[in-house]
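Here numbering that gives the first Met the number 0 is used: position 141 in the sequence shown is 140, and no number is missing along the way.
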Amino acid sequence: MKNKSSTILEALVCKKPFFLIFLVLVLGLGTITTNAALVAHYEFEGSADDSTGNNIGILVGDAEIINDPERGLVLWLDGDGDYVDCGNGSFINNLSTFSVALWFKTNVIPGALHYPHMICQRDPWDYIWALALHGDFQGKIAGRVGAEGGNALSTVDFVPVIGQWYHVAMTYDDTSDRKIRIYINGAEQSYLHYVAATGTKLSNPSIHVTIGNRIGGGRAWDGLIDDVRIYNHVLTEAEIMAIVPEPATFCLLMAGAGIALRSRRRT
0 MKNKSSTILE ALVCKKPFFL IFLVLVLGLG TITTNAALVA HYEFEGSADD STGNNIGILV
60 GDAEIINDPE RGLVLWLDGD GDYVDCGNGS FINNLSTFSV ALWFKTNVIP GALHYPHMIC
120 QRDPWDYIWA LALHGDFQGK IAGRVGAEGG NALSTVDFVP VIGQWYHVAM TYDDTSDRKI
180 RIYINGAEQS YLHYVAATGT KLSNPSIHVT IGNRIGGGRA WDGLIDDVRI YNHVLTEAEI
240 MAIVPEPATF CLLMAGAGIA LRSRRRT
């Protein structure tokens, strides 16, 4: 668990300035500026609190914060109805344009008719939005945003390996092409489904945002989740890449023509 001095040192020395220079030199991404407002940030550093102070964070059921050998303190969910209740505050409620980003590790690859949710705003009746593993497509990662005429739906051609950490980000802009974009470890993926929303985007201000399940149950996550972020803006690929390898805790390794991300334990 981070103490105050290490957190301050990380913020002053190890965070943005060094890492942005590193990205420019190694990846050639150019100058990165983050215009998005971070409206919720669940770090799970000892509690489920939102570190922005905007929203609640309540562990429900058997949800726990445990020590992971790679990432330090993380959210643990056993797939039996547990989740984090993030509330329905005005900062995260019914966003028309937004991005969500998080680290995850799954213990199972779901089969047909099973859709474990990483994060969502929905219940069994109203489907506002969700990021999940799609059991009908061998556990591939999928995002959905509800709309009256037709839902936005994107499924990427990517199945996670059990027991391995991944970073995933999902973006949606209701004022533009109304399509969901999904990024794994900072890179946008190829799509099996890439359907735009039609008609008015669904909304229900009474439904809470949740991590690891939906309100009402039935979409429980079995595995670990960490560093959950919600933005009220569409992040660019460069902005997503900038938050993937937290400079104090992750290494970028050049592997031939590709890039591998190695997660390291936080101290």
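We put the CB at the ideal spot given by N, CA and C, even for glycine. Keep in mind it's a predicted model, so treat the numbers as computed, not measured.
For residue 100, the uninterrupted beta strand (DSSP E) run begins and ends at 96–105, by DSSP. Annotated three-state conformation of residue 67 is strand, per DSSP.
Membership of residue 55 in any alpha helix (DSSP H) is not indicated, and neither H nor E is assigned to it by DSSP.
The alpha-carbon of residue 79 is positioned some 20 Å away from that of residue 124. Counted as a single uninterrupted DSSP element, the alpha helix (DSSP H) harbouring residue 241 occupies residues 236–242. Put simply, of 157, 81, 145, 127 the residue whose alpha carbon is nearest the alpha carbon of residue 190 is 157. Rounded to whole angstroms, residue 180 and residue 58 show a C-alpha spacing of 29 Å.
In chain order, 126, 127, 201 place their CB closer than 6 Å to the CB of residue 145, counting only its own chain and leaving out the 5 sequence neighbours on each side. In this structure, the beta-carbon distance from residue 218 to residue 100 does not fall below 8 Å. A residue is called buried once 16 or more other Cβ atoms fall within 10 Å of its Cβ, and residue 197, having fewer, is exposed.
In its chain, beyond the 5 residues on either side, 195 have a beta carbon closer than 8 Å to the beta carbon of residue 176. Secondary structure at residue 172: strand, using DSSP grouped into helix, strand and coil. A check of alpha carbon separations from residue 244 across 43, 70, 45, 52 identifies 70 as the nearest.
Collapsing the DSSP output to three states places residue 145 in coil. Assignment of residue 49 by DSSP, reduced to helix, strand and coil, places it in the strand class. Here residue 51 is not near residue 233, since their CB atoms are 8 Å or more apart.
Boundaries of the beta strand (DSSP E) harbouring residue 116: 116–121, taken from the DSSP string.
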